[in-house]
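Undergrad: Below are the structure tokens for one structure; questions will follow.
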């Protein structure tokens with residue numbers, strides 16, 4: 001591990017420059033052309049490293065990239081899957097408002113932390129192993145998807161298919177905290193849509209003939225707010241609400257979007273059942289419930305063995321590696337739910353994901369690349 005880190009330390013500047021190029025190649029999730037342009041840049045980097053690169057074409061979202069590093073005889077039956085994503089939450093043109101820059105030991109810019117820093121780490125992990133003469137005994141598949149930030153609708157099937165063939169999954173989402181904790185547990189995540197239908201009427205002339213759909217939604221939100229149980233890891237948050245046409249009209253329709261999260265599969269199922277059992281409160285109103293959980297929980301039991309391996313490797317570099325349970329979801333939720341050993345948060349160390357303050361700690365880039373290289377070599 002120390003020799004891997006010693007090789008990577010002098011490449012800190014090159015890693016930072018590559019990160020700058022990645023950040024400047026903006027890749028908003030909903031902009032297929034932009035994501036594909038960035039994808040071609042990433043694919044070119046992998047081709048330069050001698051991997052077999054395949055573009056998994058998509059019609060409405062960006063193309064996914066699959067890069068395979070295999071033994072020379074290409075007959076490996078076992079596989080390791082490394083997961084990451086190309087897309088970011090930032091709209092096109094954000095780079096003009098928050099340009100990539102290096103200052104005070106940090107690299108700042110949109111997508112640097114979540115998760116283009118992770119893409120750089122994977123590339124240099126392979127470089128370090130190649131420089132050490134390492135030849136993989138297992139097939140190593142790097143899967144970079146285009147729609148993680150918007151729910152992984154087009155990529156989930158590909159992720160799960162590759163995971164079923166894999167002995168382990170390593171996820172390059174950002175680390176937690178400036179101490180670089182990896183993520184050994186995540187909540188399941190979903191979205192519920194409540195749609196209330198009432199009856200329109202004039203708010204001044206005949207309000208008694210109306211049924212206020214906004215009122216129905218408000219009453220429902222007050223009801224479901226009681227379902228949050230922080231100690232059990234259950235949260236219910238009404239994040240969006242809309243309805244009505246004019247202030248002098250009793251609104252006929254209203255809707256709310258509810259973020260739901262749970263730490264355990266049984267709590268996830270129970271919460272969905274509670275939503276399905278909702279009934280209207282106002283006489284004459286109608287209520288429709290749509291949606292549900294889209295990412296199952298990632299439970300620690302699928303991560304603990306990989307975490308112990310990573311902690312041992314980090315200790316060999318003189319680094320203490322902690323673990324964390326987090327409320328956010330990732331593509332690692334899908335692979336862990338299949339029972340495949342999964343370790344998340346192996347990407348960059350930094351702060352400010354999804355904000356104007358997004359940055360990564362430059363000095364930590366070689367350390368994280370060494371950790372990834374060590375895992376790939378030892379699994």
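Residue numbers (the working numbering): 1 to 379. Quick reminder that beta carbons are idealized off the backbone N, C-alpha and C, glycines included.
Between which residues of its own chain and residue 155 is the CB-CB distance below 6 Å, once the five residues before and five after are set aside?
TA: One-based indexing of the chain shown puts residue 155 at position 155. Answer for residue 155: 64, 145 and 147, listed in chain order.
Undergrad: Relative to the alpha-carbon of residue 289, which residue among 335, 192 and 327 has its alpha-carbon at the smallest distance?
TA: On the chain shown, position 289 is the one that residue 289 refers to. If we check each option's Cα against that of residue 289, 192 comes out closest.
Undergrad: Note down, in chain order, each residue of its chain lying with its Cβ closer than 6 Å to the Cβ of residue 373, except the 5 sequence neighbours on either side.
TA: Taking the chain shown and counting its residues from 1, the one referred to as residue 373 is at position 373. Excluding positions up to five away in sequence, the list reads 4, 125, 128 and 129.
Undergrad: Starting from residue 144, trace the alpha helix (DSSP H) in both directions and tell me its first and last residue.
TA: In the chain shown, counting from the first residue as 1, residue 144 sits at position 144. No alpha helix (DSSP H) holds residue 144; the beta strand (DSSP E) holding it covers 139-145.
Undergrad: Starting from the C-beta of residue 380, find all residues in its chain whose C-beta is less than 8 Å away, skip the five residues before and the five after it, and write them out in chain order.
TA: Because residue 380 is not part of the residues shown, which for the chain are 1 to 379, the question remains open.
Undergrad: Please go through the same chain and pick out, in chain order, the residues whose beta-carbon is closer than 7 Å to the beta-carbon of residue 24, but skip the five residues on each side of it.
TA: As a working note, residue 24 is residue 24 in the chain shown. Excluding positions up to five away in sequence, the list reads 95 and 100.
Undergrad: Quick one: Cα of residue 240 to Cα of residue 196, how far?
TA: Along the chain shown, one-based indexing puts residue 240 at 240. Along the chain shown, one-based indexing puts residue 196 at 196. So the two alpha carbons sit approximately 14 Å from each other.
Undergrad: Restricting to Cα atoms, I'd like to know which of 76, 361 and 212 is closest to residue 284.
TA: For this step, residue 284 is matched to residue 284 along the chain shown. Looking at the Cα atoms, 212 is the closest of the given residues.
Undergrad: To which residues does DSSP link residue 261 through a beta bridge?
TA: Taking the chain shown and counting its residues from 1, one reaches residue 261 at position 261. Partner(s): 189 and 235.
Undergrad: Looking only at C-alpha atoms, which of 76, 38, 13 and 323 sits nearest to residue 309?
TA: Indexing the chain shown from 1 puts residue 309 at position 309. The option with the nearest alpha carbon to residue 309 is 323.
Undergrad: Check whether the stretch 265-272 and the stretch 224-234 are in contact - that is, three or more C-beta pairs closer than 8 Å.
TA: Cβ pair count under 8 Å is three or more, so yes.
Undergrad: Along the chain, which unbroken stretches of the alpha helix (DSSP H) at least 4 residues long are found entirely within the stretch 286-365?
TA: DSSP runs (the alpha helix (DSSP H)) wholly in the stretch 286-365: 304-316 and 332-337.
Undergrad: Quick one: residues in its chain with C-beta nearer than 6 Å to the C-beta of residue 379, no 5 flanking neighbours on either side, listed in chain order?
TA: Position 379 of the chain shown holds residue 379. Here the set comprises 80 and 168.
Undergrad: Would you tell me roughly how many angstroms separate the C-alpha atoms of residue 85 and residue 9, rounded to the nearest one?
TA: Reading the chain shown from its first residue, position 85 is the one you call residue 85. Reading the chain shown from its first residue, position 9 is the one you call residue 9. Cα-Cα distance, rounded: 25 Å.
Undergrad: By Cβ distance, which residues of its chain are closer than 7 Å to residue 166, with the 5 residues on each side in sequence left out?
TA: For the purposes of this step, residue 166 is taken as residue 166 along the chain shown, with counting starting at 1. Counting only Cβ-Cβ distances below 7 Å, and skipping sequence neighbours, we find 79, 80, 81 and 340.
Undergrad: Return the first residue and the last residue of the alpha helix (DSSP H) that residue 59 is part of.
TA: Numbered from its first residue, the chain shown carries residue 59 at position 59. Element bounds for residue 59: n/a, residue is neither H nor E.
Undergrad: On the CB-based measure, 16 or more other CB atoms within 10 Å of its CB, does residue 73 come out buried or exposed?
TA: Mapped onto the chain shown, residue 73 falls at position 73. It counts as exposed.
Undergrad: Along the beta strand (DSSP E) that carries residue 79, what are the first and last residues, could you check?
TA: By one-based count along the chain shown, residue 79 stands at place 79. Residue 79 -> beta strand (DSSP E) spans 79-85.
Undergrad: Please classify residue 184 as buried or exposed, where buried requires at least 16 other C-beta atoms within 10 Å of its C-beta.
TA: Counting from 1 along the chain shown, the entry for residue 184 is found at position 184. That one is buried.
Undergrad: Quick one: what's got a C-beta closer than 8 Å to residue 21's C-beta in the same chain, skipping five residues either side?
TA: For the purposes of this step, residue 21 is identified with residue 21 of the chain shown, where counting begins at 1. The residues are 41.
Undergrad: Which one of 236, 281 and 311 has the shortest CA to CA distance from residue 220?
TA: The residue you call residue 220 lines up with position 220 of the chain shown. Looking at the Cα atoms, 281 is the closest of the given residues.
Undergrad: Quick check: what's the CA-CA separation for residue 157 versus residue 204?
TA: The residue labelled residue 157 in the question sits at position 157 within the chain shown. The residue labelled residue 204 in the question sits at position 204 within the chain shown. If you take the alpha carbons of residue 157 and residue 204, they lie about 53 Å apart.
Undergrad: For the beta strand (DSSP E) containing residue 170, list its first residue and its last residue.
TA: Taking the first residue of the chain shown as position 1, residue 170 is located at position 170. Residue 170 -> beta strand (DSSP E) spans 168-171.
Undergrad: So residue 180 packs on residue 364, CB below 8 Å; how close in whole Å?
TA: Within the chain shown, the letter at position 180 stands for residue 180. Within the chain shown, the letter at position 364 stands for residue 364. About 6 Å; that satisfies the 8 Å criterion.
Undergrad: Quick check: the stretch 343-358 against the stretch 311-318, are there 3 or more CB pairs under 8 Å?
TA: Not touching, per the Cβ criterion.
Undergrad: Is residue 202 helix, strand or coil by DSSP?
TA: In the chain shown, counting from the first residue as 1, residue 202 sits at position 202. Residue 202 falls in the strand class under three-state DSSP.
Undergrad: How would you label residue 344, buried or exposed, when you count the other beta carbons within 10 angstroms and need 16 or more for buried?
TA: As a working note, residue 344 is residue 344 in the chain shown. By the 10 Å Cβ count, residue 344 comes out buried.
Undergrad: Under 6 Å Cβ to Cβ from residue 360, same chain only, skipping five residues before and after it: list those, please.
TA: The sequence position of residue 360 within the chain shown is 360, counting from 1. Within the same chain, residue 360 has close Cβ partners 107, 112, 113, 117, 348 and 350.
Undergrad: Measuring CA to CA, which of 1, 110, 287 and 296 is closest to residue 328?
TA: Residue mapping note: residue 328 aligns to position 328 of the chain shown, counting from 1. Checked all of 1, 110, 287 and 296; the closest Cα to residue 328 is 296.
Undergrad: Here's the rule: buried if 16 or more other CB atoms are within 10 angstroms of the residue's CB, otherwise exposed. What is residue 28?
TA: The residue given as residue 28 occupies position 28 in the chain shown. Buried is the call here.
Undergrad: Does the distance from the CB of residue 450 to the CB of residue 122 come in under 9 Å?
TA: Residue 450 lies beyond the range of the chain shown here (1 to 379); nothing can be said about it.
Undergrad: Using C-beta distances below 7 Å, list every residue in its chain close to residue 272, excluding the 5 sequence neighbours before and after it, in chain order.
TA: Residue mapping note: residue 272 aligns to position 272 of the chain shown, counting from 1. Around residue 272: 292 and 293.
Undergrad: For the alpha helix (DSSP H) that residue 46 lies in, which residues bound it at each end?
TA: Position 46 of the chain shown, counted from the start, is the residue given in the question as residue 46. Element bounds for residue 46: 32-48.
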